[in-house]
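**Q** Per this note's numbering, residue -2 is the first one in the sequence shown, and the count goes up by one each step.
The beta-carbon is built from N, C-alpha and C at its ideal position, and this holds for glycine as well.
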Amino acid sequence: MGNRTKLGSLVSGVVVTAMLAVSSWVPANAAMITTEQMVATDAGQMREARVAQVQGFLARADVKDQLVKWGVASEMADARVAQLSDAELEQLSMKIDQQPAGGDFLIVLGVVFLILIVLELVGVTHVFSSF
-2 MGNRTKLGSL VSGVVVTAML AVSSWVPANA AMITTEQMVA TDAGQMREAR VAQVQGFLAR
58 ADVKDQLVKW GVASEMADAR VAQLSDAELE QLSMKIDQQP AGGDFLIVLG VVFLILIVLE
118 LVGVTHVFSS F
């Protein structure tokens, strides 16, 4: 047991020394930044995010098919997206955000309502009879 205790003490000493050596030499940097620097950083990140969103939209198969029908190569579309101004990118990304994802909500709601009415009339459910 004596050798095991010495080995355990040696390993723990090496680990503690290594941890202290690594953690004590990490410098910390802190500085004040101006509002203009913050806005410039945010604007750059926003532009990158919008470009990525538009390029992701252009990468969809249905969008590529429509572009081919119109005679526009996807490389040309990507190059044009890179040349858009910030205002144009914002407008385009807002239009992409407003597109329905998976269909029109009112149509889906109407179909569900019709199914519930049919099931009520057949007697399978009692959704509307409780009102």
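Could you give the DSSP three-state label for Ser82: helix, strand or coil?
**A** Position 85 of the sequence shown, counted from the start, is the residue given in the question as residue 82. Coil, per DSSP.
**Q** Taking the straight line between their C-alpha atoms, what separation do you get for Ile104 and Glu33?
**A** Residue 104 sits at position 107 when you count from the first residue of the sequence shown. Residue 33 sits at position 36 when you count from the first residue of the sequence shown. Using only the alpha carbons, I get a separation of about 47 Å.
**Q** Anyone know if the C-beta pair for Val48 and Leu86 falls short of 8 Å?
**A** On the sequence shown, position 51 is the one that residue 48 refers to. On the sequence shown, position 89 is the one that residue 86 refers to. Cβ atoms of Val48 and Leu86: closer than 8 Å.
**Q** Return the residue from the list Lys3, Ala28, Gly41 that minimises the CA-CA distance to Asp83.
**A** As a first step, residue 83 must be located in the sequence shown, where it is residue number 86. When each option's Cα is compared against that of Asp83, the closest is Gly41.
**Q** Could you check the C-alpha separation between Thr31 and Met91 for me, to the nearest Å?
**A** As a first step, residue 31 is located in the sequence shown; it is residue number 34 there, counting from the start. As a first step, residue 91 is located in the sequence shown; it is residue number 94 there, counting from the start. Taking the straight line from one Cα to the other gives about 29 Å.
**Q** Near Glu50, what residues of its chain come up, given a Cβ to Cβ distance below 7 Å and the 5 sequence neighbours on each side ignored?
**A** Locating residue 50 in the sequence shown gives position 53, counting from the first residue. It is worth fixing the name first, because residue 50 is Gln in this sequence and not Glu. Same-chain partners within the cutoff: Ser90, Ile93.
**Q** Please report the Cβ distance between Val122 and Leu113, rounded to the nearest whole angstrom; I am assuming they are in contact, meaning their Cβ atoms lie under 8 Å.
**A** Numbered from its first residue, the sequence shown carries residue 122 at position 125. Numbered from its first residue, the sequence shown carries residue 113 at position 116. This sequence places Thr at residue 122; Val is not what is there. That pair is a contact at about 7 Å.
**Q** Can you give me the C-alpha to C-alpha distance between Leu55 and Leu106, rounded to a whole angstrom?
**A** The count along the sequence shown starts at 1 and reaches residue 55 at position 58. The count along the sequence shown starts at 1 and reaches residue 106 at position 109. The straight-line gap from Cα to Cα measures roughly 29 Å.
**Q** What separation, rounded to the nearest whole angstrom, lies between the Cα atoms of Gly68 and Ala74?
**A** Here residue 68 refers to the residue found at position 71 of the sequence shown. Here residue 74 refers to the residue found at position 77 of the sequence shown. Each residue's Cα considered, the two are about 11 Å apart.
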